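Q:
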Amino acid sequence: MLKPLFFALTLGLCTCSLAQPNAQSSLDGFWQYTVPNGGTTFFALKQSGESITASEADWKMPLTGTLQGNKLHLTVSAKFGNETFEILYEGVRESADKFELNEKAPGVRPGEVIERKGTLQRVSREVVYPERLSLPPLADQPDNGLVRTPPMGWNSWNHYHDQFDDATVRQMADAMISSGMAAAGYKYIIVDEGWSSSRDANGNIVGNARFPDMKALADYVHSKGLKIGIYSSPGPQVCGGYQGSYGHEEQDAKTFADWGYDYLKYDWCGASRIYQRTPADLEGAYQKMAAALAKTNRPLVFSLCEYGWGDVWKWGAKAGGNLWRTTGDISDHWASMDRIGFAQLDITQFSKPGHWNDPDMLEVGNGGMTADEYRTHMSLWALLRAPLIAGNDLRTMTEETKSILMNAEVIAIDQDPEALPVQRTPPQATSEVLVRPLANEAVAVGLFNRGSAPAQIGFRWDSLHLNANLGGKSLEARDLWKHEGISVTGDSYTATVPPHGVVLVRVAVKQFGTF
Ligand code: GLA
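If you're matching positions, the sequence shown starts at 844 in this note's numbering and goes up one per residue.
Pasting the structure below:
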């Protein structure tokens, strides 16, 4: 979880003057903390005696600390999604403008602590707040023709955050094939935050020591018959402080295309230090990169990640997006998934082939939810026509995890060619019945129990409007998690749905005796 959201900004070299060491000089001003092959973070410090606080009123990363002699101790409260966590920095002053620090921060998994060493150096205000470059006037971008059904793949973030490397990604590509995930439809291997370092003398973005050759990595993933995605930001830095594309949009688009990437996740993050959260800035920044991608002539899926700001579902397609995050980050527990998933029902009509609402990546298999909860997660994402981007370790999946991620009948709902929106029937207490019309005279019905006790949830057969013109034909129904038929008798069907669980049913007009 090493990510002070929005305020960790990667930078090049210190632009401060080379002052003579003066252990007494005040810490007032801006500082950049850099971890070799890691992100960097900016601090705005104010010193009063031995006490250290944040110097800017709008500095949203609260910090407290002390400087006693040459010993610095800082505690930063960083916000990640809805959670706040503490990062500790401790170390000694090397000179007036430089400290060597040890950092301790929570890792991705509960109880995990990551320790690393970095250097804190004084920088100028311009380093933290670079000059604003102009954005293009808003104009509709052409459809790139990609992802006519919601993209499916794997992304590093949910399981690893930035603690992964080239070998991990290659192993994940191998596992995508050997586990059967590729055959089930998962095809994009997406490298999220953590790969970039800085820029070379020509301004070209380069990978860090954990990602020494991004082209070779793309070649490897392609050799497996898969596609590969990369990650950047309209800001100078991505969320955890690695290099972003600000001011280098065309150059980076060309680099990603030359390396052979097929997908770009473009995350707002550090852009908050430059642009406003206005429609013109949000849309303009994404449009700028969409145009740069189009100019490469390589088909790259463009994934917008700005957490749903400015009702992105209304303009994401115009700005050249193939998918756009509609929410803040998901985390691997029921409350997060339930809140995000069901909130999508209000905006599901904005998804269409080539342009999808993205309620964030899957947490299935990461261990924070029960199997019933993960089945709810997968069923809901499929009914929503959401991108299915797995976020677990594909090398070590249990049979249960495989049965959830690779349930072909559930995936078929997500990928249904008609791509019609799901319909919500008025919720009853904690019960939800969602109905999604499918191709070939069929519907999917999700019976969801959001409560903590088993519930009886049902629907009337005639509410599905499949039987209007049946003639001599009749309906057939199937439970897509039990993989067995349901007899279509009486007026309705009612199931006992476990707490936080789902019963997902496909009902179809019988077609010549086949289902
Ligand atoms: C943001 C995004 C996440 C992930 C991280 C990386 O929080 O929403 O999906 O990309 O940044 O830092």
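The beta-carbon is built from N, C-alpha and C at its ideal position, and this holds for glycine as well. Bear in mind that the values here come from a model prediction, so they are computed numbers and not experimental data.
Does the Cβ-Cβ distance between G1294 and P1342 come in under 8 angstroms?
A: Counted from its first residue, the sequence shown places residue 1294 at position 451. Counted from its first residue, the sequence shown places residue 1342 at position 499. The answer is yes: Cβ separation under 8 angstroms.
Q: For the ligand FAD, is there any heavy atom lying closer than 7 angstroms to the beta carbon of E1206?
A: Ligands present in the displayed structure are limited to the ligand GLA, and the ligand FAD is not among them.
Q: Under DSSP, the alpha helix (DSSP H) around P1122 begins and ends at which residues?
A: Walking along the sequence shown from the start, residue 1122 turns up at place 279. Taken as a continuous stretch (DSSP letters only), the alpha helix (DSSP H) holding P1122 covers 1122-1139.
Q: Considering only heavy atoms of the ligand GLA, does any lie closer than 7 angstroms to the CB of E1036?
A: Here residue 1036 is taken as the residue at index 193 of the sequence shown, counted from 1. The answer is yes for E1036.
Q: Taking only the alpha-carbon atoms, compute the straight-line gap between I1173 and G892 and give it to the nearest angstrom.
A: Your numbering for residue 1173 matches position 330 in the sequence shown. Your numbering for residue 892 matches position 49 in the sequence shown. For I1173 and G892, the distance between alpha carbons rounds to 41 angstroms.
Q: Kindly indicate which residue of W1177, K1161, D1322, Q1258 has the alpha-carbon position closest to the one of N987.
A: Numbered from 1 along the sequence shown, position 144 holds the residue referred to as residue 987. When only C-alpha atoms are compared, the closest one is K1161.
Q: Return yes when the C-beta of G1083 is under 7 angstroms from any heavy atom of the ligand GLA, and no when it is not.
A: Along the sequence shown, one-based indexing puts residue 1083 at 240. Flag set: Cβ of G1083 near the ligand GLA.
Q: In three-state terms, what does DSSP make of G961?
A: Locating residue 961 in the sequence shown gives position 118, where the first residue counts as 1. Reduced to three states, the DSSP call for G961 is strand.
Q: Could I get the ranges of all uninterrupted beta strand (DSSP E) runs contained in the region 1202-1241, with 3 residues as the minimum, in chain order?
A: Within the region 1202-1241, the complete beta strand (DSSP E) runs of at least 3 residues are 1231-1233.
Q: For A1272 and E1243, what's the separation of their Cα atoms in angstroms?
A: Within the sequence shown, residue 1272 is the residue found at index 429, counting from 1. Within the sequence shown, residue 1243 is the residue found at index 400, counting from 1. About 30 angstroms.
Q: Quick check: is any heavy atom of the ligand GLA less than 7 angstroms from the C-beta of W1102?
A: Position 259 of the sequence shown, counted from the start, is the residue given in the question as residue 1102. W1102: no, Cβ never under 7 angstroms from the ligand GLA.
Q: Report the residue from P1077, V1345, A1320, V1265 whose alpha carbon sits nearest the alpha carbon of Q1299.
A: Start at 1 with the first residue of the sequence shown, and residue 1299 comes out as number 456. It is V1345.
Q: Please return the same chain residues whose Cβ sits closer than 8 angstroms to the Cβ of D1008, not counting the five positions on each side in sequence.
A: Position 165 of the sequence shown, counting from 1, holds the residue named residue 1008. Cβ within range, chain order: R1053, F1054.
Q: Among D1334, A1100, L1166, G882, which one has its Cα closest to the Cα of Y1129?
A: Against the sequence shown, residue 1129 aligns to sequence position 286. Per the Cα distances, L1166.
Q: If we count the other Cβ atoms within 10 Å of its Cβ and call it buried at 16 or more, is T1098 buried or exposed?
A: Residue mapping note: residue 1098 aligns to position 255 of the sequence shown, counting from 1. The residue is buried, with at least 16 neighbouring Cβ atoms inside 10 Å.
Q: Determine the closest residue to Y785 out of N1235, S1022, G1090, with distance taken between C-alpha atoms.
A: This structure cannot settle anything about residue 785, because the visible part of the chain is limited to 844 through 1358.
Q: Could you give the first and the last residue of the continuous beta strand (DSSP E) run that contains I1190?
A: In the sequence shown, counting from the first residue as 1, residue 1190 sits at position 347. From DSSP, I1190 is part of no beta strand (DSSP E); its letter is neither H nor E.
Q: Going by C-alpha to C-alpha distance, which of V990, E955, L1136 sits closest to K1195?
A: To locate residue 1195, count along the sequence shown from 1; it is residue 352. Ranking the options by Cα distance to K1195, first place goes to V990.
Q: What whole-angstrom Cβ distance do W1038 and G1046 have, given they're in contact under 8 angstroms?
A: The residue given as residue 1038 occupies position 195 in the sequence shown. The residue given as residue 1046 occupies position 203 in the sequence shown. The pair is not a contact, with the Cβ atoms about 18 angstroms apart (cut-off 8 angstroms).
Q: For K1157, I'd like the list of residues in its chain whose CB is within less than 8 angstroms of its CB, leaving aside the five on either flank, ordered along the chain.
A: For the purposes of this step, residue 1157 is taken as the residue at position 314 of the sequence shown. If we look at K1157 and ignore the five residues flanking it on each side, its Cβ neighbours are F1193.
Q: Just verifying my parser: in three-state terms, what is the DSSP assignment at V1012?
A: Counting from 1 along the sequence shown, the entry for residue 1012 is found at position 169. Helix, per DSSP.
Q: Classify Y1029 as helix, strand or coil using the three-state DSSP reduction.
A: By one-based count along the sequence shown, residue 1029 stands at place 186. The answer is coil: DSSP assigns Y1029 none of H, G, I, E or B.
Q: Report yes if the CB atom of S1075 is closer than 8 angstroms to the CB atom of D1095, and no otherwise.
A: Against the sequence shown, residue 1075 aligns to sequence position 232. Against the sequence shown, residue 1095 aligns to sequence position 252. Yes, Cβ-Cβ distance for S1075 and D1095 is below 8 angstroms.
Q: Measuring CB to CB, does G1072 end up less than 8 angstroms from I1033?
A: Translated into the one-based positions of the sequence shown, residue 1072 becomes position 229. Translated into the one-based positions of the sequence shown, residue 1033 becomes position 190. Going by C-beta atoms, G1072 is nearer than 8 angstroms to I1033.
Q: Give me the Cα-Cα distance between F886 and E899, rounded to the nearest whole angstrom.
A: Reading the sequence shown from its first residue, position 43 is the one you call residue 886. Reading the sequence shown from its first residue, position 56 is the one you call residue 899. Whole-angstrom Cα-Cα distance: 10 angstroms.
Q: With N1283 as the anchor, note down where its beta strand (DSSP E) starts and where it stops.
A: The sequence position of residue 1283 within the sequence shown is 440, counting from 1. Premise fails: N1283 is in no beta strand (DSSP E) and is neither H nor E.
Q: W1152 to E1126, Cα distance in whole Å?
A: Sequence index remark: in the sequence shown, residue 1152 carries index 309 (1-based). Sequence index remark: in the sequence shown, residue 1126 carries index 283 (1-based). Rounded to whole angstroms, W1152 to E1126 spans 10 angstroms at the Cα level.
Q: Quick check: what's the CA-CA separation for E933 versus K914?
A: Start at 1 with the first residue of the sequence shown, and residue 933 comes out as number 90. Start at 1 with the first residue of the sequence shown, and residue 914 comes out as number 71. So the two alpha carbons sit approximately 7 angstroms from each other.
Q: Threshold first: 4 residues or longer. Then list the alpha helix (DSSP H) segments lying entirely within the region 919-994, N to C.
A: Listed in chain order, the complete alpha helix (DSSP H) runs (minimum 4 residues) inside the region 919-994 are 968-971.
Q: Keeping to the same chain, check which residues put their C-beta closer than 7 angstroms to that of P864; ignore five residues upstream and five downstream.
A: The residue given as residue 864 occupies position 21 in the sequence shown. Confidence is the limiting factor: at P864 the pLDDT is only 47, short of 50, which leaves the residue's position unreliable and the question unanswerable from this model.
Q: Go ahead and label T883 buried or exposed: buried means 16 or more other beta carbons lie within 10 angstroms of its beta carbon, across all protein chains shown.
A: Reading the sequence shown from its first residue, position 40 is the one you call residue 883. With 16 or more other Cβ atoms within 10 Å, it is buried.
Q: Taking the alpha-carbon of L1205 as reference, which of D1189, L1237, N1140, I1190 has the nearest alpha-carbon?
A: By 1-based counting over the sequence shown, the position of residue 1205 is 362. Taking only the C-alpha atoms, the option nearest L1205 is L1237.
Q: Measure from the alpha carbon of R1303 to the alpha carbon of each residue in H1326, V1348, E1284, then state which is nearest.
A: Indexing the sequence shown from 1 puts residue 1303 at position 460. Comparing Cα positions, the closest option is V1348.
Q: Quick one: what's got a C-beta closer than 8 angstroms to Q984's C-beta in the same chain, skipping five residues either side?
A: Taking the first residue of the sequence shown as 1, we reach residue 984 at position 141. Result list for Q984: Q1130, A1133, A1134, A1137, K1161, A1162, G1163, in chain order.
Q: Going by DSSP in three states, F1291 sits in which element: helix, strand or coil?
A: Translated into the one-based positions of the sequence shown, residue 1291 becomes position 448. Strand at F1291.
Q: For K1303, which of helix, strand or coil comes out of DSSP?
A: Indexing the sequence shown from 1 puts residue 1303 at position 460. Looking at the sequence provided, one finds Arg at residue 1303 rather than Lys. R1303: strand per DSSP, three-state reduction.
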